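Quick note: the numbering used here has the sequence shown finishing at residue 1267, numbered continuously throughout.
The C-beta atom is built at its ideal place from N, Cα and C for all residues, glycine as well.
In this text, all values refer to a predicted model and were calculated from it rather than measured experimentally.
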Amino acid sequence: MQWYYKLLARRPQLVLVAVGIFSMACIIVALFTRKLPDFDDPTLGFEARGTSIGKRWTAWRNLLEETSSAGRLVANPKELTLGTNNLLPKRFPGADAIRKRRKNKSKKKTSNAVIDGEATQKKLPKYSNKNIRMLKELYHNQSVTNGEIVSFEEYDNETMAHRSGRQEVWEYGRNQSYYTEEIGNKTMEKKRAKWDTLRKLKPPPEPIETHIPSDGFFCESPNKEYAHLVVQRINHNLNDSMFELNAFLALCELEQKIVKVEHYGDICQRELTSDDCCRPWSIVNYVTFLSNKSSCFELNEEDVAMVKTLLYDCFQYYHNMKLSNDCMRSSCIAPSECKQHNAVYNILHYLANVDFIRQNESAEFLNTTMIFLPIARSIKSMEFYHSLSQVNLDNDLVSVVAMDMGLKNALFDECLLRDGWLIGLGGIFVVICMWLYTGSLFVTLMTVVAVAFSLGIAYFIYSFIFELTFFPFMNLLAVIVVVGIGADDAFIFLKIWQCTIADRMKCGVGIVIPIVPSTSSCNSEGSGAAARAACSDTLVEIMGSTLRHAALSMLVTSLTTAAAFYASYVSSITAVRCFGIFSGTAVMANYFLMVTWLPAAVSIAERISCLMLLKPFARVTHRCTLPFVSIAHISRRIEDAIIDLIITLPWLWITLLGKAQLSVILWKRNNPSFIVILVPGTIGIMSGILVLHWPKLRLPDSPDFKLFISNHPFERYDSEYKDMFWFEKMYTTTETFKIPLRFVWGVLPVDRGNFLDPEQRGDLYFDESFNMSAPESQQWLLQFCRRIKNQTFYQTSYGLLLPNCFIENFISWMGRRCNDSMGEIDRTPCCEISPFPFTPDIFDLCLPESISSLYETPREFFIPGVAGPKFGRSAFLANGQQGTAPDASPHPPQTDKMVKAVVIEYESTQIFTMSYHEIDAFVRTVESWLAEQLADAPPTMANAWFISELEFFDLQDTLSTGTMVAIAMAMAVALLVLMLVTLNVLISLYAIVTVTLTILTTVAMLVLLGWKLNVLESVAVSTAIGLAVDFSLHYGVHYRLSTEPDRRSSTRFSLQRMLGPTAMAAITTGIAGALMLPSSVLAYIQIGVFLVIVMSISWLYATFFLMSLLRVAGPQYGFGQFRYPKLRTGLRGSGGDGCKVTTQLEAGGSSRISHHHFHTSSHHHHHHHHHHQGVVTEQLLSNSSSAAGDLVGSESHELDSLTSNSIIKPIGLDIARPINFDRAFKKKYSLPREQSPSTASAITMVLPDDIDTKGASHQSGVQ
């Protein structure tokens, strides 16, 4: 990698240009060749895909889609016969004449002809909806002829054959009857006469909403599709009802305030006669109307009492469902005063809360009421909402507390962009903190550009490389993650950069190398070229030393963080998967830029400083950096205090935060045995109880995903007030809704769509082994329907015609008589002569006719549902037309099977509830019973599966299991990466224990805040893993990189290197999250709260708990250390210390070095180092390396503590070898310096006290 270090030091502009062009190209291509993300439906993707229930749910939805008019299946065979012009036109006399008229009219050359008993089929002209309605009226409306009822279905093929002289084939779903040609002609003539009469009649006018006040007061009745506001009484006693005069007058005042809001008149519905806005529907307006007053301000106590009595007297009729919203058209069994203008119904159903009047109670209590505005619930009311939100919607007695205007998703999409300035504010704060920390505005801006580029590259890879089209709004949260990680990496790189410069200078001071005065070659005019060369060579060495340490630390944290996000891919929720992919990619893209873009930017900043710091600018720079020096002094003192607390009081932090080891002596049979007892600390044990025992992170109890804060009027309506009114509760209540039992045959429960795109669900796949027409299948299905009725989860249903189990109705239908003497109808073979189980031919012949007759039943007795057999459209037409209809689908059904799928549906005893455990027990019971039944099922019926309204339950189940699996995988990957890098068991184990306690404490805080494990919270937990790992791994890696063998010195080394960067990263990211709290978007607020919590807890645990563990029981002298055998030779010389090499070379220049192993190095290279050693101490004093400059000129800089107690030896750049982990625990005490195994591992031993003394004396000498 020596060539790369030279490139960054000598040609950094090439790296900046190349990386910049690549990043801009990715951003431009991604933004201009792909459609930008759309967040109209923010809940899109909040569903489980790939789970057992998820696959069934997808197959069920595909089955319903295929049963539609454009699908491959059909539930009612009559739909095929009406639309194909195959069966119906042949079933009545005169069909040829009608065909001729249609042929001449349409001027088509296609026709249906049957010649010599051979059917020749061609395409028929398509009928319009009008023609189909004519056929329906002509064929299916019964006509009275000669005292007997004649219908189209009673004409048979034999009659047609007699009239046309041709033999017809049997047609499905039609009865056979025998009529003479004369009777047929008379019937047709009467039908034509009736049809002509109907055509001459003018159709009745369709009802048109003209908003004419039918009662002179309101335009029409209130409706759910109008905007409505919830009004509640305030500043009152608990026993004060709103149904009293003062509250009504206050409500009237509030209503007048609402109608005067700007844009109200632009979108309100108006009366046709007066062109005024329709009056709002409110309880006070209805009281005014029933009191025959013109204004609500004219009401008195008598009016209120009169209406109260009316409502109380009529409540029993409403409760018994004897009132409706239109008693003028429908028959309402109630007194006339209760039906007058539908006022009572509208008040009780729409305007008063459900507890207004209770059954068998004499008192009434109105707690909440509703106001319906004559404004449609649509996005056109957005401007009115903005104006309404600026008005104070309350007075002394009443206040608007919630509303539903149909704007929730649209407003969320708008607020995502509107509140984006809060993210920008957090970014500005991070920039300011980074500028204060580094002292370089250029490096700070380059870091911000790197973060932006990393997001652009991640979006390019997400869209083009991974080819993902779905981009959920949660992916925007990756911006916060990348900002925090990018700032963390930048702080670490710059800190190591500063420490490397300071350590080189310390090494020079330790051997008393004269410092080049300020009028050195960099600042002199006569030696500009030599100065630039000196700066360049020095930068190569510093760049190599910095990257060898920083790149490894950033790689470890980036890999573990990205792995934590990629582990979310195991989740079955689409939005969580996409978030994990995008966030993990963004983290790795950020790492790529942090080892290319940022080092090049720092190199340019150093070169500019080296060439531009002349005397006139030095004074200005010194004055500008005075605030930075003051901040550095304060931070140095705080760092020293924290380090001393950890070094001197490690047991305190271990006991408080995690686990303490107490030595206890137990006596057994007079033999003392020493054991170690792990006593959990206060915070650790409390967090574990909260998360793992009680109350835990609860699952969501509502399928509605919250988009705004809890006190937002839209959220309050959905969560608090929606079920307080009958017009909403009758559709949303779970008190009467029973979970259906649906059992499906013939369809495979598979989901072969794209799990990363919620709109791609794949095709419907049929079960080729399914055969409903087999006799054994019929018998088994009948027994199945009988056995299910004996189960405890079966709810008995009542009705005349039950479609639940079609085989039972089919058997009853087949029991009819074969010959009808009155109608002279022969129903053979679909009658009593066919025994059960039916042969396959009889089953396929008669079942369509049975289902068709069921669909012709009046809707008062039969309402079509999802249960019943599903016929293959192409197979049915092929059998009916003696041909094969082409199927354009990729998986066409077999034409030899009439019934392609079967659905059996019953009602269960389980009430629909949001309780996960209750539904889980119900699902397990049903599925275990189904498995028992399928054990003895024939092969043709053995692949059944159960499905119901379990989508929300599946989401709960996925969140409860998938989140834990993701956490476990992330922790395993973090442990693996840390082991591969450090090769030390104890460091890896301590780091993982710290991360585990961090996550437990973080989740415990979320539990105390009332969070529930919804989709966003699941993403937050995954993010917590990624962010919590960073600090612990930084400390662990630098503990391993320490050049001191004992744990005390290694702990101090790690703290001195990482305490400042980790603290700055935690502070900046945490405050950036806190700045998002003023947002109205719940996702922003939750992420803000989460960032504050996870940054604080992870930094505290990593700094105090992990470092205390390492201080007390950290590995030392190579304990628990492994090595890579194949790379052992290369690793030995890794540490190559630039200070050591340069020091010995400098000493060699003065005839002070005589070690024989230095002869293996390049003599010319040694001389090069010797020539520029004095330049290092004075030239590299840029803003980003201001620590080194202050270190030379002052004794109280923040980095004094970093170098006063240990020598941090930079890596020699003349040896291109990887970092030497083994060297940190080399036998420094067992091997004397003269017996060093390699050149790079040779160490010039200087005691820390000697270094400090020499450094102090030298600095004083310089001063």
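Under a three-way DSSP split, which group does residue i fall into?
| i | result |
| --- | --- |
| I505 | helix |
| V748 | strand |
| I238 | coil |
| N988 | strand |
| D924 | helix |
| I337 | coil |
| R641 | helix |
| Q6 | helix |
| E368 | strand |
| L786 | helix |
| Q273 | coil |
| I651 | helix |
| C281 | strand |
| N89 | Model confidence at N89 stands at a pLDDT of 41, short of 50, so the residue's coordinates are unreliable and nothing is read from them. |
| M407 | strand |
| A380 | strand |
| A79 | coil |
Just to confirm before moving on: does the CB-CB distance between residue i and residue j stay below 8 Å?
| i | j | result |
| --- | --- | --- |
| H1038 | T1066 | yes |
| F360 | F293 | no |
| L67 | L768 | yes |
| V930 | V907 | no |
| W749 | A948 | yes |
| R765 | S952 | no |
| V402 | L233 | no |
| S328 | Y349 | yes |
| V999 | V1033 | yes |
What does DSSP give as the partner residue(s) for residue i in the beta ladder?
| i | result |
| --- | --- |
| F729 | N357 |
| F712 | V1085 |
| M374 | V234 |
| K742 | I915 |
| A905 | K874 |
| L656 | DSSP output for L656 lists no bridge partner at all. |
| F950 | F747 |
Any idea if residue i is buried or exposed, counting beta-carbon neighbours within 10 angstroms, 16 or more meaning buried?
| i | result |
| --- | --- |
| K130 | The pLDDT assigned to K130 is 41, lower than 50, so where the model puts this residue is not dependable, and the model offers no usable value. |
| E229 | exposed |
| Y1105 | buried |
| Y1128 | exposed |
| L1110 | buried |
| I1212 | Note that I1212 has pLDDT 35, beneath the 50 cutoff, so the model's placement of it is unreliable and no number is given. |
| G49 | buried |
| S1083 | buried |
| H697 | exposed |
| K793 | exposed |
| N396 | exposed |
| A925 | exposed |
| H553 | buried |
| D722 | buried |
| M509 | buried |
| I743 | buried |
Can you give the beta carbon distance from residue i to residue j, rounded, assuming they're within the 8 Å contact cut?
| i | j | result |
| --- | --- | --- |
| P873 | L851 | 6 Å |
| A1069 | L1095 | The pair is not a contact, with the Cβ atoms about 11 Å apart (cut-off 8 Å). |
| S458 | A593 | 4 Å |
| L993 | I650 | Their Cβ separation, rounded to whole angstroms, is 19 Å, which puts L993 and I650 out of contact at 8 Å. |
For a test of your reading of the model: does the CB of residue i fall under 7 Å from any non-hydrogen atom of the ligand NAD? Yes or no.
| i | result |
| --- | --- |
| A970 | The ligand content of the structure shown is nil, which means the ligand NAD is not present either. |
Comparing the C-beta of residue i with each C-beta of chain B, is any distance below 8 Å?
| i | result |
| --- | --- |
| T37 | Reference to chain B is not applicable here, since this structure consists of a single protein chain. |
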